[in-house]
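Residue numbers (this note's numbering), protein chains in the order written: chain A, 1 to 482; chain B, 1001 to 1299; chain C, 2001 to 2076.
Spelled out as structure tokens, the structure:
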């Protein structure tokens, strides 16, 4: 079940009541069973098996790793367990993709004896919990973390349902200690958790899914469009993916709070970033920290003697890290190109940065507001450009979009009004409200500062807004002119 | 904990109240927009061709009898059958004449969204419409959430109509003119839907004819014009469709077919896009329709 | 005990006048000590002490004190 389904609205209170009613020492079990039930409800039975397998292997290897004294043994256990986890990930996500491309490369027919026939495996959640498992093992290997001895709590650390499907990827040091704490009913957590959940839901089903209606019309048939609509669709997509993912994250964090658990914040106003490096400190934070700590830093250290003061080594480490990032996102060339594009942006900035600093000093722009705005605009556009490859349904589509962005105004009216004026008005109104609330929020005044009746009016309006303007993307009524 | 649960209950009650209020208000607006409060003697049924093509107020004034316009974007043959059942059961006995818009694509499913049934959730309270929605609903949760709550029944398309009903904005606001060169390009590129005749749709149409006639009302099939370039795309099939309506006309003296495609199809200045009349077109077309209806009604 | 020599190398790389460096000091506490500078610091130490670190040893370091202990071990 997804967060925005009726089933979940029944599941969550039931789980919470069971959690509350249970004795404190069994609460972990309630959450664990609920998490497994949640995963099983997806209707893909072998996924639960994969989760249990990965959990068991990681738990066992974690203990073995900590107990092993000798370095070579430690190395073997570590790389062995990481290898198993990675092969699970690769097997589930990339086998069909590899097979497809090998076929094309070697012109192999459908029934080649070299490639076994197998069904396409679905891997929702696997990408996330495998990375989490690897981070757990790496932290033990690097001796920054003690292994968890309580198998139930470890299993919960792996499977906790709010973060199971799309992260955040939790570090052992962040989540495990929280799972050990006694639960005490906290009114503020309940209130803020529900509010955060509702807010995330709005971002997803009112804003993101609505933007998708417009984006899908263009990216689903790129050759029917040219010029401004392509540009607008790309901007819309940049917003869509942000609201979708950050909305989901808000829902996950909100649900976590209901159980007094603080999950990692994944987003911090990413489009206000002043450089691509800054962007990655604000976007999908739990993931970028993972690739930073476990891929980039080691590679950067290994290659520190390349180039003057290790610059070439660092650039190479960035390229490899972001290539991995692209590949992790999925088995499509579009994702790979997207990842490599970011790698190139960052590698280039390693060389450009010192010159850039000098330039700003000479032009006397250092630390000015103008510079900040300029940097934000440039960065946003660099990111949007990379989203073209991420979203397009094929590389040729992406290249078409790239080449036709500036061919003129195109049928921009058709693009904007394809779903009617009310839909567009709902979209613009929705975006304005989100930005207004954000401004209010960052202006410092905390929620409880506002009078009770105003707050309640706000909450009621939020829910009513959700009821009136939610989009069911699967069953969207696509407005054709009939 | 007790304090929290109490607040949660209070909040839920508040939400249900607001939902009820909003839903009732919006339904009232929708009823007004369609003209359900008029005890109509003439009922216009159709989709956007009717919405934009016929000025119901003008028709009402000229005919001297109440006219309701039950037309929603994208309504197909099946939707309209449900619409008629709904109207006849909620407002029995008054309708003398039904004007039903048709075109080349009346018997086609392609090009129209298959989710047009969702537009009718606001009328889930009517037994006939309820049955139709239940049969078409994508999932139990989709249907159930709209049964229990009122607000989710209104999507953006319908919300637009409700607001217009509440504010009294019934007019056609489209003033522009169709872009012929780009339409020609689209036709050449194969981007306009083709004409198909799906037997299921034909079946539904014949059931509709029976339905209207059994209620003692006359039925007028009205071919509201589109830009003639479209009907010329596939002249054979176009003729086929026209013949079907002429056959219905011949077989029953209570059924008539008004074909306006020939008269208006080449007057491009009356169209805001390939298939919809603009404001001027609406006025001119309604004037013509009025004369023909007067003639029919006097017989 | 953080030696003056080590402290000097670090301060020079970070372009800082002074910073109170003790055993428990971590990179995040010191202004400017990000991942880019971190590598440069390690390289500068390797040059100053004429030694070579293995990646694994260096990745595990959590504080300046541990860094000092590692240097002491390698120069002993």
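Each residue gets a CB set at the ideal place from its N, CA and C atoms; glycine is no exception.
Please read all numbers here as calculations on a predicted model, not as lab measurements.
CB contact check: residue i to chain A, cutoff 9 Å
| i | result |
| --- | --- |
| residue 1204 of chain B | no |
| residue 1102 of chain B | no |
| residue 2021 of chain C | no |
| residue 2001 of chain C | no |
| residue 1277 of chain B | no |
| residue 1130 of chain B | no |
| residue 1263 of chain B | no |
| residue 1019 of chain B | yes |
| residue 1149 of chain B | yes |
| residue 1015 of chain B | yes |
| residue 977 of chain B | No statement about residue 977 of chain B is possible, as the shown extent of chain B runs from 1001 to 1299 and does not include it. |
| residue 1233 of chain B | no |
| residue 1172 of chain B | no |
| residue 2055 of chain C | yes |
| residue 1245 of chain B | no |
| residue 1159 of chain B | yes |
| residue 2049 of chain C | no |
Span of the alpha helix (DSSP H) around residue i
| i | result |
| --- | --- |
| residue 2063 of chain C | Looking at the DSSP string, residue 2063 of chain C is not in any alpha helix (DSSP H), and its letter there is neither H nor E. |
| residue 2024 of chain C | No alpha helix (DSSP H) contains residue 2024 of chain C, which DSSP labels as neither H nor E. |
| residue 334 of chain A | 333–362 |
| residue 1022 of chain B | 1002–1034 |
| residue 170 of chain A | Taken as a continuous stretch (DSSP letters only), residue 170 of chain A belongs to no alpha helix (DSSP H), as it is neither H nor E. |
| residue 299 of chain A | 297–302 |
| residue 200 of chain A | 187–202 |
| residue 396 of chain A | 395–404 |
| residue 442 of chain A | 421–442 |
| residue 1138 of chain B | Premise fails: residue 1138 of chain B is in no alpha helix (DSSP H) and is neither H nor E. |
CB contact check: residue i to chain B, cutoff 9 Å
| i | result |
| --- | --- |
| residue 227 of chain A | no |
| residue 429 of chain A | no |
| residue 202 of chain A | no |
| residue 495 of chain A | Chain A is shown only over 1 to 482; residue 495 of chain A falls outside these bounds and no answer can be derived. |
| residue 24 of chain A | no |
| residue 216 of chain A | no |
| residue 140 of chain A | no |
| residue 119 of chain A | Note that residue 119 of chain A has pLDDT 48, beneath the 50 cutoff, so the model's placement of it is unreliable and the number below is only indicative. Taking Cβ atoms only, chain B never reaches closer than 9 Å to residue 119 of chain A, which makes this a no. |
Check whether residue i and residue j have beta carbons under 9 Å apart
| i | j | result |
| --- | --- | --- |
| residue 1304 of chain B | residue 1079 of chain B | Absent from the model: residue 1304 of chain B. The displayed extent of chain B is 1001 to 1299, so no value can be given. |
| residue 157 of chain A | residue 143 of chain A | no |
| residue 210 of chain A | residue 471 of chain A | yes |
| residue 29 of chain A | residue 37 of chain A | no |
| residue 1082 of chain B | residue 1051 of chain B | no |
| residue 2048 of chain C | residue 2007 of chain C | no |
| residue 203 of chain A | residue 167 of chain A | no |
| residue 465 of chain A | residue 206 of chain A | yes |
Residue range of the beta strand (DSSP E) that includes residue i
| i | result |
| --- | --- |
| residue 1319 of chain B | Residue 1319 of chain B lies beyond the stretch modelled for chain B, which goes from 1001 to 1299, so this question has no answer here. |
| residue 1042 of chain B | 1042–1046 |
| residue 1223 of chain B | 1218–1223 |
| residue 1253 of chain B | Counting along the chain, residue 1253 of chain B falls outside any beta strand (DSSP E), and DSSP gives it neither H nor E. |
| residue 1100 of chain B | 1097–1102 |
| residue 226 of chain A | Here residue 226 of chain A belongs to no beta strand (DSSP E), and DSSP marks it neither H nor E. |
| residue 2050 of chain C | Careful: residue 2050 of chain C lies outside any beta strand (DSSP E) and carries neither H nor E. |
| residue 1271 of chain B | 1271–1273 |
Neighbour flag for residue i against chain C, beta carbons, 9 Å
| i | result |
| --- | --- |
| residue 12 of chain A | no |
| residue 298 of chain A | yes |
| residue 529 of chain A | Nothing about residue 529 of chain A can be reported from this structure: the residues present for chain A run from 1 to 482 only. |
| residue 144 of chain A | yes |
| residue 292 of chain A | yes |
| residue 276 of chain A | no |
Practice prompt. Could you run through the stretch 1190–1219 of chain B and flag, in chain order, every residue whose CB is less than 8 Å away from some CB of chain A?
Written response: 1191
Worksheet item: Along the stretch 2058–2069 of chain C, what residues have a CB closer than 7 Å to any CB found in chain A?
Response: 2058, 2059, 2060, 2062
Worksheet item: What residues in the stretch 300–313 of chain A have a beta carbon less than 7 Å from any beta carbon of chain C?
Response: 300, 301, 302, 304, 309, 310
Item to complete: May I have a chain-ordered list of the beta strand (DSSP E) segments no shorter than 3 residues that lie completely inside the stretch 21–104 of chain A?
Response: none
Discussion item. To test your reading of the DSSP string, which unbroken alpha helix (DSSP H) runs of 4 or more residues are found completely within the stretch 222–289 of chain A?
Written reply: 228–258, 276–280
Discussion item. If the cut-off is 9 Å on Cβ atoms, which residues from the stretch 2016–2041 of chain C count as contacting chain A, listed in chain order?
Written reply: 2035, 2036, 2038, 2039, 2040
Worksheet item: At which residue ranges does the stretch 115–158 of chain A contain complete alpha helix (DSSP H) runs of 4 or more residues, listed in the order of the chain?
Response: The alpha helix (DSSP H) runs of length 4 or more contained entirely in the stretch 115–158 of chain A are, from start to end of the chain, 126–141.
Practice prompt. Enumerate, from N- to C-terminal direction, the unbroken alpha helix (DSSP H) stretches of 4 or more residues contained entirely within the stretch 1175–1199 of chain B.
Written response: 1180–1188
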